[in-house]
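**Q** One structure is given below, represented as structure tokens, and several questions about it will come after.
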Amino acid sequence: MQEYEVVVIGGGSAGLAAALSAYENGLNKILIIEKNSSLGGILNQCIHTGFGIHVFNEQLSGPEYAQRFIDKLDNTSIEIKLNSYVTKIDKDKTIYYSNDAEGFQVIKAKSIIMATGCIERTPGAIKLEGERLSGILTAGLAQRYLNIEGYLVGKKVFILGSGDIGLIMARRMTLEGAKVLGVAEIMPYSNGLRRNIAQCLEDFNIPLYLSHTVKEVKGKDHVEQVVICQVDENKNYILGSEKTFDVDTLILSVGLLPYNNVLEDLGVQMSSTKGAVVDENYQTSIEGIFACGNALHVHDLVDYVTKEAMQAGLGASRYVKGLLKHGKYIETKNKNGINYVVPQKFCLQNIDKEIMFKFRVTKPFQNVKILIQDGDRTIKSIKKMFLLPSEMENISLNLSELKDCKSLSIEIMED
Amino acid sequence: MKNLTCIECPRGCNLTIDDNLKVTGNFCIRGQKYALDEISNPKRVVTSTIKIKSLEVVRLPVKTSMPISKKLMFTILKYLDNIQIEAPIKCGDVIIKNICDSGANLIATRTILK
Amino acid sequence: MTYDVAIIGAGIVGCFLARELSQYNLNVIVLEKDNDVGNEASMANSAIVHSGYDPIENTLKAKLNVLGNAMFDKICEELDVKFSRIGSLTLAFNEKEVETLKMLQQRAFNNGVDVEILTYEQIKQIEPFVNENVKAGLYAKTAGIVDPFNLCIHAMENAIDNGVTLILNENINKIIKENDLFILNNKYQSKVVINCAGINADEINNLVNKETFKIISRKGQYYVLNHFKDEFVKHTLFMVPSDKGKGVLISPTTSGNYLIGPSAEETNKFSKSTDLKTLDEVAKQANLMVDKIPYYQTIRTFAGLRATPSTHDFIIQESDTKNFINVAGIESPGLTSSPAIAKMVVEEIISKMLPLTKKENYNPKIKKYIKIKELTLDEKKKMFAIDKDYGTIICKCEQVSLGEIKDCLSRSCPPHSIKALKKRLRVGFGKCQGGMCQAEALSVLAKFYKVDKKDIMYDNLNSYILYSKTKGEN
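Chains as they are written, first to last, in our numbering: chain A, 990 to 1404; chain B, 8 to 121; chain C, 449 to 922.
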């Protein structure tokens, strides 16, 4: 049976960076298993610019960003299997995959990095009201049809949810000749980056209806009308505020979910993010199995995915070389105003200089402090003018700050 | 006085530009340039796809090499309708120089080998 | 060509009628308004094979339910359809409902159905997820679950294999009778017509006869939960029935998912819309039976329309017009009764209209479907040796290969739409609901049918997915 030092599952932004990092940290027998016919993952359909400001100090398009990493593979021993799908992993790190060239294969890995990305929340998951019609699509699927296959899914479009993909699609479809009549967001604030509101909606005079949601979708076989309605603070409809739009398409941009079918089957401990529970090296509850990128928690920027995946690649290389110490784990806790924290636990002995904590807030905050505490002791307090749930926060702590740390919690202090 | 959201990076600074063209609210120098451009001649990078003859894909992603005048966006998009190229092509290759007299080149943003 | 029998409607009744008739030397045509068979109530129901304790004694419902239930093992074996007798529990929450259970036990006895009343403790033994406030339950071990999509599709595939003609997208709006022959839509001539048009059966009847019955459309809304690793309910759980119907149920499905529903609302014949208010009400009812329902696993909500007859029992008879048979008002337990209905219509009604001689080469079985996900590694490798396409996984959530899709497309009742493919092989049925694989599935269909991608529909003929090509192409 073929055996690898590390097998990376998924060849998107996380998988590429993780594999390259494992290679740069001294591993040689590395395999990337990618389900599609090319590397790059979802970046290939994200043809707009805005990627790479933190990693390359440039504004790259998605495919360009991916290409930077794909080009780097040329001078490495990293093996690639395209059009290959992993259906099962055993606890002893036996991997089952198949493709149309080799058929059904079984390989062994000393370590595995899960970089399987995320999926979009569906009309079913949000219990969308109205008829089940064609013409209701998630933004990412519409984006694939437009940017990869070269088809517009409709001419008159309404968008539910102000997630970034929805905003980007509002602009893309407008540029390709569709009319976008509006975007409805159930929350009183947008879930996309501020700059995307500016350059994707305001540039084209597309109205954003905050505290609004789709109340009904009408039509016979295909979407014909979308009815939106204002909601109160408890998300109940404010009757009488309905607006009807004659459209042929309803695009949903209502959030992303880490995709971990294989990890779930394996019985890895999962967290509230729908990703695995990981430690400072991005190791899951099963030794030698690591997770990173959007499969772990949904990131706002690909640059942060890259950085996290490099850390996971380093972790896997340390694991294979037997350098990871088995110390006591300290749990990280999310308290007031914090939705989740990654990593969920850490072991001080395995931290060289510093450790990065990533988290999101539960709602928008203004002029608050982020408080990091060890019990009653404040480790760090950071002032913030704005905090938005749509933006992932990063905070680094160095070893000296964590000295004698027994517990760690992150919370928002409001005045 | 005008309020703007900077689009130069994901930070999305809230900029204010006053009647004397003084920019405030910017975290970095890019914000100042953006605000000044936005008052005089707003510019955007245009991204789209063009037809490509290839065994792997049917569309090649492209972008303008720099931000172009916002007014030219739809002109360029229309122009792209009639462009077709053949693989192989490399990421960064110039496909059309000075597209629609915008001052920017149209460049490929993906490598397609076959 | 003159047909012996024209069947209007390819729901579960039409499919089984076609199959039943296909064993005789008859020319049979099935005319279906939709782009696929089993596309209305037969697709959107509770997927339950009822035991038969519930229908009132001496009704057609009671008789055909019990007869139909007994036929399922053999039929599902022949037609390669997933079916499992998991048993049902009808739960009582107070003394009055316990009394109703006793009445139902007597009715079950009268209908010839084997049931027993279990105490809370006994129920807890076999179904630990039920709530503590359950007083007793009626246990019917012959109740089962079935894959209703493929029950229709495979029955029709088998019928077509045995010589039946299926025409899709043919909405019947004109029937005239000339010289003992019916002419449908000015195109199809037939000696006998069977009207099994579901919720539209009254309108079809009225094309030929005076109005003698009405079909009331009653909507039922459901939740579908994903399959997941943790333990959950193992039986179909019912509430004690009321005059509105059997009430909300919680049930596993043959695919490992869970169904919660249905509601019961009178509605028009077109709307299959869902709404949160009704779904919240469904959840409230279901929570009475099981309080830890993992609603976060919801992958879809949907609505189906039941064809409720104004006569309160199945309508199965020759109409005032000779040789025009109505098989109408087949609401619950219609799915369970359908094979028995088909047998009854052919043996008791058609036998008096047409000479029935058996075909020599009739084959009641279809070729078994390959399900890669369910094979051992060695079996998978063998399939790959036969066709490399079995190695390409198209639907990631449900692990369906390109080879399986191609096999399905080569069958005699193949999928023409994304939804038809989903019903057959579960492509796009999982957590991502096609977000990851729909574009690939659409490419496979377009390539197979040699059409442009924008000509592949989601469901019926106007349900396009792609509007137009970009970049000045058509």
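For glycine and all other residues, C-beta sits at the position ideal for the given N, C-alpha and C. Nothing here was measured: the structure is a model prediction, and the numbers come from that model.
Using a Cβ-Cβ distance under 7 Å, would residue 613(C) count as near chain A?
**A** In the third sequence, the residue the question calls residue 613(C) occupies position 165. Closer than 7 Å: no.
**Q** By the 8 Å beta-carbon criterion, what residues does the region 1071-1094 of chain A contribute toward chain C?
**A** Within the region 1071-1094 of chain A, the residues whose Cβ lies closer than 8 Å to some Cβ of chain C are 1072, 1074, 1076, 1085, 1087, 1088, 1089, 1090, 1091, 1092, 1093, listed in chain order.
**Q** Taking the beta strand (DSSP E) that residue 1067(A) belongs to, which residues open and close that run?
**A** Stepping through the first sequence from its first residue, residue 1067(A) is reached at position 78. Taken as a continuous stretch (DSSP letters only), residue 1067(A) belongs to no beta strand (DSSP E), as it is neither H nor E.
**Q** Which residues, in order along the region 877-888 of chain C, keep a beta-carbon less than 9 Å from a beta-carbon of chain A?
**A** Here the close residues are 878, 879, 880, 881, 882, 883, 884, 886, 887.
**Q** What is the C-beta distance between residue 115(B) and residue 98(B), in whole angstroms, given that I count them as a contact (C-beta under 8 Å)?
**A** Along the second sequence, read from residue 1 onward, the residue named residue 115(B) stands at position 108. Along the second sequence, read from residue 1 onward, the residue named residue 98(B) stands at position 91. Their Cβ separation, rounded to whole angstroms, is 6 Å, which keeps residue 115(B) and residue 98(B) in contact under 8 Å.
**Q** Verify the CB distance criterion: does residue 9(B) have a CB-CB separation below 7 Å to chain C?
**A** As a first step, residue 9(B) must be located in the second sequence, where it is residue number 2. No, because no Cβ of chain C sits closer than 7 Å to the Cβ of residue 9(B).
**Q** For residue 563(C), does the three-state DSSP call read helix, strand or coil?
**A** Looking up residue 563(C) in the third sequence gives position 115. In the structure shown, residue 563(C) sits in a strand (DSSP, three-state: E or B).
**Q** Return helix, strand or coil for residue 1052(A), following the three-state DSSP convention.
**A** Looking up residue 1052(A) in the first sequence gives position 63. Three-state result, residue 1052(A): helix.
**Q** Between the Cα of residue 1088(A) and the Cα atoms of 1004(A), 1098(A), 1100(A), 1071(A), which residue gives the shortest distance?
**A** In the first sequence, counting from the first residue as 1, residue 1088(A) sits at position 99. The candidate whose alpha carbon is nearest that of residue 1088(A) is 1071(A).
**Q** Restricting to Cα atoms, I'd like to know which of 1288(A), 1278(A), 1324(A) is closest to residue 1081(A).
**A** Residue 1081(A) sits at position 92 when you count from the first residue of the first sequence. Looking at the Cα atoms, 1278(A) is the closest of the given residues.
**Q** Of the residues that make up the region 1111-1138 of chain A, which ones have a beta carbon closer than 9 Å to any beta carbon in chain B?
**A** Here the close residues are 1135, 1136, 1137, 1138.
**Q** In chain order, what residues of the same chain have a beta carbon less than 7 Å from the beta carbon of residue 1153(A), not counting five sequence neighbours either side?
**A** Residue mapping note: residue 1153(A) aligns to position 164 of the first sequence, counting from 1. Only 1181, 1182, 1185 meet the Cβ criterion.
**Q** So residue 1201(A) is in the beta strand (DSSP E); what residue range does that whole segment cover?
**A** The residue labelled residue 1201(A) in the question sits at position 212 within the first sequence. It spans 1201-1208 - the beta strand (DSSP E) in which residue 1201(A) sits, taken as one unbroken run.
**Q** Looking at chain C, is there any beta carbon in it that lies within less than 7 Å of the beta carbon of residue 125(B)?
**A** This structure cannot settle anything about residue 125(B), because the visible part of chain B is limited to 8 through 121.
**Q** Considering only residues of the same chain and omitting the five flanking positions on each side of residue 861(C), which have a CB-CB separation below 6 Å?
**A** Translated into the one-based positions of the third sequence, residue 861(C) becomes position 413. For residue 861(C), where only same-chain residues beyond five positions count, the Cβ hits under 6 Å are 601, 604, 605, 608.
**Q** For the ligand NAD, is there any heavy atom lying closer than 6 Å to the beta carbon of residue 1033(A)?
**A** For the structure depicted, the ligand NAD is absent and the ligand set is empty, with no information on it obtainable.
**Q** Answer yes or no: do residue 1098(A) and residue 996(A) have a C-beta to C-beta separation smaller than 7 Å?
**A** The sequence position of residue 1098(A) within the first sequence is 109, counting from 1. The sequence position of residue 996(A) within the first sequence is 7, counting from 1. For residue 1098(A) and residue 996(A), yes; Cβs fall inside 7 Å.
**Q** When the Cα of residue 1288(A) is compared with those of 1121(A), 1002(A), 1077(A), which residue comes out closest?
**A** Locating residue 1288(A) in the first sequence gives position 299, where the first residue counts as 1. Among 1121(A), 1002(A), 1077(A), the Cα nearest to that of residue 1288(A) is on 1002(A).
**Q** Pull out every residue of the region 1242-1257 of chain A whose Cβ sits closer than 9 Å to any Cβ of chain C, in chain order.
**A** Against chain C - using a Cβ distance shorter than 9 Å - the residues of the region 1242-1257 of chain A are 1246, 1248, 1250, 1253, 1254, 1256.
**Q** Taking 7 Å as the CB-CB cut-off, is residue 919(C) touching chain B?
**A** Residue mapping note: residue 919(C) aligns to position 471 of the third sequence, counting from 1. At least one chain B Cβ lies under 7 Å of residue 919(C).
**Q** Please return the same chain residues whose Cβ sits closer than 6 Å to the Cβ of residue 530(C), not counting the five positions on each side in sequence.
**A** Mapped onto the third sequence, residue 530(C) falls at position 82. Same-chain partners within the cutoff: 595, 702.
**Q** Residue 812(C) and residue 488(C) - do their beta-carbons sit closer together than 7 Å?
**A** Within the third sequence, residue 488(C) is the residue found at index 40, counting from 1. Within the third sequence, residue 812(C) is the residue found at index 364, counting from 1. In this structure, residue 812(C) does not lie closer than 7 Å to residue 488(C) by Cβ.
**Q** Give the C-beta separation of residue 707(C) and residue 670(C) to the nearest angstrom, bearing in mind that I take them to be a contact with Cβ-Cβ under 8 Å.
**A** Taking the third sequence and counting its residues from 1, the one referred to as residue 707(C) is at position 259. Taking the third sequence and counting its residues from 1, the one referred to as residue 670(C) is at position 222. Indeed they touch by this definition, with Cβ atoms about 6 Å apart.
**Q** Compare the C-alpha of residue 541(C) against each of 632(C), 571(C), 656(C), 809(C) and name the closest.
**A** Your numbering for residue 541(C) matches position 93 in the third sequence. Checking every option, the nearest Cα to that of residue 541(C) belongs to 571(C).
**Q** Please list, in chain order, the residues of the region 1189-1221 of chain A that have any C-beta partner in chain B closer than 9 Å.
**A** Answer in chain order: 1191, 1192.
**Q** Suppose you measure from the CA of residue 1251(A) to the CA of residue 994(A); what does that come to, to the nearest Å?
**A** As a position in the first sequence, residue 1251(A) is number 262, starting the count at 1. As a position in the first sequence, residue 994(A) is number 5, starting the count at 1. Straight-line Cα distance between these residues: approximately 20 Å.
**Q** Would you grab the beta carbon distance between residue 843(C) and residue 879(C) for me? Rounded to a whole angstrom, and I think it's under 8 Å.
**A** Residue 843(C) sits at position 395 when you count from the first residue of the third sequence. Residue 879(C) sits at position 431 when you count from the first residue of the third sequence. The pair is not a contact, with the Cβ atoms about 11 Å apart (cut-off 8 Å).
**Q** Looking only at its own chain, which residues have a Cβ that is under 6 Å from the Cβ of residue 666(C), when we skip the five neighbours before and after it?
**A** In the third sequence, the residue the question calls residue 666(C) occupies position 218. Here the set comprises 712, 714, 754, 756.
**Q** Helix, strand or coil for residue 907(C) per DSSP?
**A** Within the third sequence, residue 907(C) is the residue found at index 459, counting from 1. Residue state, collapsed to three classes: coil.
**Q** For residue 1012(A), which of helix, strand or coil comes out of DSSP?
**A** Numbered from its first residue, the first sequence carries residue 1012(A) at position 23. Looking at residue 1012(A) - three-state DSSP - the assignment turns out to be helix.
**Q** Could you give the C-beta distance for residue 1143(A) and residue 915(C), rounded to a whole number, given that I count them as a contact under 8 Å?
**A** Translated into the one-based positions of the first sequence, residue 1143(A) becomes position 154. Translated into the one-based positions of the third sequence, residue 915(C) becomes position 467. So it is a contact: roughly 5 Å between Cβ atoms.
**Q** Closest Cβ-Cβ distance between residue 1140(A) and chain C: below 7 Å?
**A** The residue you call residue 1140(A) lines up with position 151 of the first sequence. Interface residue, yes.
**Q** Below 7 Å between beta carbons is the criterion; list the residues of the region 815-839 of chain C that meet it against any residue of chain A, in chain order.
**A** Listed in sequence order: 825, 828, 829, 832, 836, 837, 839.
**Q** So that I know if they touch, is there some Cβ in chain A lying closer than 7 Å to that of residue 723(C)?
**A** Along the third sequence, read from residue 1 onward, the residue named residue 723(C) stands at position 275. For residue 723(C), the answer is yes, since a Cβ of chain A falls inside 7 Å of its Cβ.
**Q** So which residues on chain A does residue 72(B) lean against when the C-beta distance must stay under 8 Å?
**A** Counting from 1 along the second sequence, the entry for residue 72(B) is found at position 65. Ordered by position in chain A, no residue passes the 8 Å Cβ test against residue 72(B), which lies about 11 Å from the chain.
**Q** Quick one: which unbroken alpha helix (DSSP H) runs of 4-plus residues sit fully inside the region 552-604 of chain C? Chain order, please.
**A** Taking only runs of at least 4 residues, the alpha helix (DSSP H) segments lying wholly in the region 552-604 of chain C are 568-574.
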